[in-house]
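Structure first, commentary second.
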Amino acid sequence: MNELPDDHKGHTIIPSASGPTGGPWVGNYSVWKIEPNNNYTAVLQGFISGEFATQEGAISTAVLEAKSKIDAL
Numbered sequence: 000m001n002e003l004p005d006d007h008k009g010h011t012i013i014p015s016a017s018g019p020t021g022g023p024w025v026g027n028y029s030v031w032k033i034e035p036n037n038n039y040t041a042v043l044q045g046f047i048s049g050e051f052a053t054q055e056g057a058i059s060t061a062v063l064e065a066k067s068k069i070d071a072l
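For the sequence shown, numbering that gives the first Met the number 0 gives the first residue as 0, with consecutive numbering after it.
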């Protein structure tokens, strides 16, 4: 994980989408806090309710929800 960027307020967001070829897709995410010396601590993990027609839609929604959850910490 050393190559991951600081995505939001000192946290790295790893979004993904899963589903059959052609959809529908579901989104999920994990959030890791960036610690000193390139260490990471797991903070959050979540799934997005609903189905999406595209992978991009599922992933972008997962990122938005993850950022919202980080802001609420």
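Heads up, the beta-carbon is just placed ideally off N, CA and C, and yes, glycines get one too.
| Check | Outcome |
| --- | --- |
| According to DSSP, simplified to helix, strand and coil, what is proline 35? | helix |
| Go through its chain and collect everything with a Cβ distance to threonine 53's Cβ below 8 Å, but skip five positions before and after it. | Gly22 and Trp24 |
| Under the three-state reduction of DSSP, which class applies to serine 67: helix, strand or coil? | helix |
| Which partner residues does glutamine 44 have in the DSSP bridge list? | Ser29 |
| May I have the straight-line CA-CA distance separating lysine 68 from threonine 40, to the nearest angstrom? | 16 Å |
| Which of the three DSSP states is assigned to threonine 53 in this structure? | coil |
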